[in-house]
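So the sequences go chain by chain: A and B. For the first sequence, numbering that gives the first Met the number 0 assigns the number 0 to the initial residue and increments by one for each residue that follows. For the second sequence, numbering that gives the first Met the number 0 assigns the number 0 to the initial residue and increments by one for each residue that follows. To keep things clear, I will list the structure first and then write my remarks on it.
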Amino acid sequence: MTALYLLVVISICVAGLFLAAFIWSVKTNQYEDQKGSSLRILFDDEFQKEIYK
Amino acid sequence: MFAVEEEVAALKEGRKNRTQALCYHCGVPCITSTIAIDDKVFCCDGCRLVYELLNENGLCDYYRLQSHPGLSQIKTARTDKFAYLDNEDIAKQLYKFTNGDYTIVTFYIPGVHCSSCMWLLEHLNKVNKGILESRLNFTTKEVTIHFSRSVISLRKITELLTTIGYEPFISLDEAVEKKNKKLNKQKIYKLGIAGFCFGNIMMMSFPEYLSLNNGIEQQYAHLFRYLNLLLSIPVFFYCASEFFATAWKGLQQKTLNIDAPIALAIIITFARSIYEIAGNTGGGYLDSMCGIVFFMLAGRVVQERTYRSISFHRDYKSYFPIAVNVITTSGMESRSLQDLKEKDVVQLHNDEIIPADGIVVGGKAFIDYSFVTGESEPVTIKQNEMVYAGGRQVGEQLTIQIVTRVASSYLTSLWNHYAFSKNKEEKNDRASAIHILSRYFTWVLLFLAACTAIYWSVHDTSKIVPSITAMLIVACPCALLLSATFTNGNLLRIFSNNGLFLRDATVIEELGKTDHIVFDKTGTITESGNNHFFVAGHQLTEPEKSMLYTVVSPSKHPYSKAIAAWLGNRESRQTADWQEIAGKGITATVDGTMLLVGSAEFAGISKENIKENKAAVYIRIGDNVTSFHTSSVFRDSIPQMIPTLSHQYKLSLLSGDNDRQRSVMADLFGKSSELLFEQKPIDKLHYIESLQRKGKRPLMIGDGLNDAGALQQSNVGITLADDINNFTPSCDAILDAGKFANLPSLLKLARAARYIIGTGFAVSIIYNIIGLSFAMQGILRPMVAAILMPCSTLSIVIISGGLSSLVAKRLHLSLKTR
């Protein structure tokens, strides 16, 4: 049963990682512009190839 | 017999043909096909120019992401509009960062609307080498541009943006305000941490709940309890800090605000839990404490809805230009408004706003005051006469000499009125029913605690402290607050989906309490531009126009007058047997031709020919029929809305305009409403004040700067805006003019809010009674508290969210996000 000590501490640490990830994502403005990010990902750099042709 | 049907058909045909050629850039139907490159047609040279510029730089993907993504360039900006950005003092205020060369600047661009806009604005570096990077925040419509000042100037960048159709909106005032909006992140961190701790503490409290005193081994009990304590420390000291801060602030001002009992409950729970854990007598109520903090914070975050692209605190400064062109002995100079002095000579172009009161010294002044005074027609001002700040010059170039400084001008002095120094938010908060209820709640709770204490002091003194602390733990008014915050949060969402954007949640309650609605006329009841006629059917020839003028000019009917105005000044001809039949029309014979002017029936037009598009006036000259259609004087939704509202509210109309529309307005508003004309901005404010003195709770609906005082003074001030991103005077709420018809339903919803919150509160009272009955007997176990708390919270969230959505649905309001 002493494994419980270890398991509890590990479980809190894992949960803590998620908390840290959450705080990091807020801090780096990832929720600031959800619409914009969803559009930006669809852009590609195709137009550059056309110029170099 | 009549050519009307054929005419209409021909018109439709024509329109169909036209729709085939849409401008490649902006999608506006092209009038000519001469402006073209390759196979692409453009509506104007502006659009073609943009295309050429993009094509040169290999940016034509812009057109591939969306068809016709551009904004029409027909109305182009003046070339030296942004000349003031060359003035380093002004430009400096816009920079976010600069080291002399490398500079970062953020612009607000109202025109951003689709993925093409985004793509183009993020590829600006392809157009000019001086632009190093540009990034658009689509939600706030702000583009952040990194550029090298040695290559491209700030003015050149703004001009480039304007050329490609994305003219930035520059206001120094709002740059400051935007910075203040960033603080909210703290609340999100707090919520995240509280949620994390709450979840983990719950999990580790399970053994405690299920053990029934001695089931789990003592060593593990210690582990879990101390871990709980450790986890609750950030919740107590960090997450809950704002409750303590506001409660303390209230106590300093000798008031018991809502946060006071909550802070008390949190402190007592924490203290008792430490005592139990340290004394090894139990696990404490840390799970309940963290739960309370978490749910309360969640409620506040939901309620604190901010619309980042809308500003509620604008004053005249964001309406006025940043700088104007001043003529000095050494030539033209761009000067910012606060540096403008008396005797300065200012040059104004078409569509520019007069920055300060002055005298016309050159050019022809034709000033549109509609936004500042509510007068709907522009006025001509002679040389050496006064023009007032806020008016908009229409037409040619104008030079004026400044008489008073900007801050003491006729219009801007309105902002010195004491109505603008009040903090409405705080006032609303203090008058809120929740506030009053929570105070009662606190006193009742303290009374019950005292009774319990007396009871136990007689029977069993050892139970005094446990029972009283348990009472304070279980019966905090958080349920009441939660029902308010979650209802308000959901209502704010529903309101914004239906075009009404509120400054904050306190406005909902005030909106529900209003009993008198005051409307502005110009721009609110009526569209800004009045009496637009369009003519269909037989197109009148010049002699026919003169004949028509002869017929309509003697008549006093509004339509006759409007037609006469449309025809312009002409000479009347000889008429025989001119006759006006009230309610029907006019008949006369001019030059031997019979004219009938009036209703369809009167002009002898069969009903089949006037199906959907009913015209205001039909004119028959011989066999030819012409119809005059009015674009209605009122905004579309007004004729149905006003009678609906007048059942429940007393209505008033305040107009800065003269009273030529009095009869029309009187018909609309009915006899019991007060109609006031020629009201100056300060008169409007005083009228609202007089209503308030009579104990009324007025809601003001206006649109212009002339309503700013009344909007500020009224209990709720709603600004009507055709484009919510455009300038709006400071107010409590902004209503999208396209959704004006929703207003009665929205008001009903605001009234319902009180009952919804009340229902939530009633439910929470039931839980409180159960909890208190345990606590008063001194037998409240942590598990009971741990079950009651989330149950009450959940049921309140469901009730408040569900009921408010249900009511909105019954009122046919849209629940979906746009």
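Glycine residues also receive a C-beta, built at the ideal position from the N, C-alpha and C atoms. Keep in mind that this is a model prediction, so the values were computed, not measured.
Check: For residue 426 of chain B, which of helix, strand or coil comes out of DSSP?; Outcome: helix
Check: Can the beta-carbon of residue 293 of chain B be found closer than 8 Å to that of residue 205 of chain B?; Outcome: no
Check: Using a Cβ cut-off of 9 Å, which residues of the region 94 to 127 of chain B contact any Cβ in chain A, in chain order?; Outcome: 113, 114, 117, 118, 121, 122 and 125
Check: Report back the beta-carbon spacing between residue 398 of chain B and residue 362 of chain B to the nearest angstrom; my notes put them in contact at under 8 Å.; Outcome: 6 Å
Check: Name, going along the chain, the residues of the region 128 to 139 of chain B whose beta-carbon falls closer than 8 Å to a beta-carbon of chain A.; Outcome: 135, 136, 137, 138 and 139
Check: On a Cα-Cα basis, can you pick out the residue from B/739, B/100, B/729 and B/708 that is closest to residue 721 of chain B?; Outcome: B/739
Check: Do we get a CB-CB distance below 8 Å when we pair residue 617 of chain B with the residues of chain A?; Outcome: no
Check: With 16 other CB atoms within 10 Å as the buried threshold, where does residue 8 of chain A fall?; Outcome: exposed
Check: By Cβ distance, which residues of its chain are closer than 8 Å to residue 162 of chain B, with the 5 residues on each side in sequence left out?; Outcome: 48, 49 and 52
Check: Can you pull the chain A residues whose beta carbon is under 9 Å from the beta carbon of residue 383 of chain B, in chain order?; Outcome: Under the 9 Å cutoff, chain A gives no residues; its nearest Cβ is about 53 Å from residue 383 of chain B.
Check: Have a look at residue 3 of chain A and residue 195 of chain B and give me their C-alpha separation to the nearest angstrom.; Outcome: 20 Å
Check: Using the beta-carbon of each residue, which ones in chain A are nearer than 7 Å to residue 219 of chain B?; Outcome: 3
Check: Between the C-alpha atoms of residue 211 of chain B and residue 16 of chain A, what's the straight-line distance to the nearest angstrom?; Outcome: Reliability of the predicted coordinates at residue 211 of chain B is poor, the pLDDT of 49 falling under 50, and the value obtained from them is presented with this limitation in mind. Distance between the alpha carbons of residue 211 of chain B and residue 16 of chain A: 33 Å.
Check: Could you tell me which chain A residues have their CB closer than 7 Å to the CB of residue 883 of chain B, listed as they occur along the chain?; Outcome: Given that chain B is displayed from residue 0 to residue 817, the structure contains no residue 883 of chain B and the question cannot be resolved.
Check: Which residues of the region 743 to 758 of chain B have a Cβ closer than 8 Å to any Cβ of chain A? Give them in chain order.; Outcome: none
Check: Short of 7 Å in beta carbon distance, which residues of its chain neighbour residue 676 of chain B, apart from the five on each side in sequence? Order them along the chain.; Outcome: 654, 656, 657, 658 and 661
Check: From the DSSP output, in three-state form, read off residue 731 of chain B for me.; Outcome: coil
Check: For residue 529 of chain B and chain A, any beta-carbon pair shorter than 8 Å?; Outcome: Residue placement at residue 529 of chain B is flagged as unreliable, the pLDDT there being 43, under the threshold of 50; the coordinate-derived value follows with that caveat. Judged by the 8 Å Cβ criterion, residue 529 of chain B is not in contact with chain A.
Check: Could you please give the first and the last residue of the uninterrupted beta strand (DSSP E) stretch that includes residue 324 of chain B?; Outcome: 322 to 327
Check: Cutting at 7 Å between CB atoms, please list the residues of its own chain near residue 128 of chain B, excluding the five before and the five after it.; Outcome: 150
Check: Please list, in chain order, the chain B residues whose beta carbon lies closer than 7 Å to that of residue 9 of chain A.; Outcome: Residues of chain B passing the Cβ test: none, with the nearest at roughly 12 Å.
Check: Of all the residues that make up the region 24 to 46 of chain B, which are near chain A by a beta-carbon distance shorter than 9 Å?; Outcome: none
Check: Please report how far the alpha carbon of residue 808 of chain B lies from the alpha carbon of residue 800 of chain B, in whole angstroms.; Outcome: 12 Å
Check: Determine the direct distance from the alpha carbon of residue 665 of chain B to that of residue 512 of chain B, and round the result to whole angstroms.; Outcome: 26 Å
Check: Whole angstroms is fine: what's the gap from residue 460 of chain B's alpha carbon to residue 733 of chain B's?; Outcome: 59 Å
Check: By the criterion of Cβ-Cβ separation under 9 Å, what are the contact partners of residue 6 of chain A in chain B?; Outcome: Chain B residues near residue 6 of chain A: none, gap ~11 Å exceeds 9 Å.
Check: Taking the runs of the beta strand (DSSP E) that are 3 residues or longer, which of them lie wholly in the region 410 to 479 of chain B?; Outcome: none
Check: On the criterion of 16 or more Cβ atoms from any shown chain inside 10 Å, does residue 209 of chain B qualify as buried, or is it exposed?; Outcome: exposed
Check: Hey, does residue 16 of chain A have any beta-carbon neighbour from chain B nearer than 8 Å?; Outcome: no
Check: Go ahead and label residue 24 of chain A buried or exposed: buried means 16 or more other beta carbons lie within 10 angstroms of its beta carbon, across all protein chains shown.; Outcome: exposed
Check: Roughly how many angstroms lie between the CA atoms of residue 714 of chain B and residue 472 of chain B, to the nearest whole one?; Outcome: 37 Å
Check: So with CB distances below 7 Å, who are the chain A contacts of residue 815 of chain B?; Outcome: Within 7 Å Cβ-Cβ: nothing; residue 815 of chain B doesn't reach chain A, min ~16 Å.
Check: Is any beta-carbon of chain A found at less than 8 Å from that of residue 191 of chain B?; Outcome: yes
Check: Cβ of residue 753 of chain B within 8 Å of Cβ of residue 432 of chain B?; Outcome: yes
Check: In its own chain, which residues sit with a C-beta less than 7 Å from the C-beta of residue 167 of chain B, not counting the 5 before and 5 after it?; Outcome: 106, 107, 108, 157 and 160
Check: In chain order, what residues of the same chain have a beta carbon less than 6 Å from the beta carbon of residue 132 of chain B, not counting five sequence neighbours either side?; Outcome: 145
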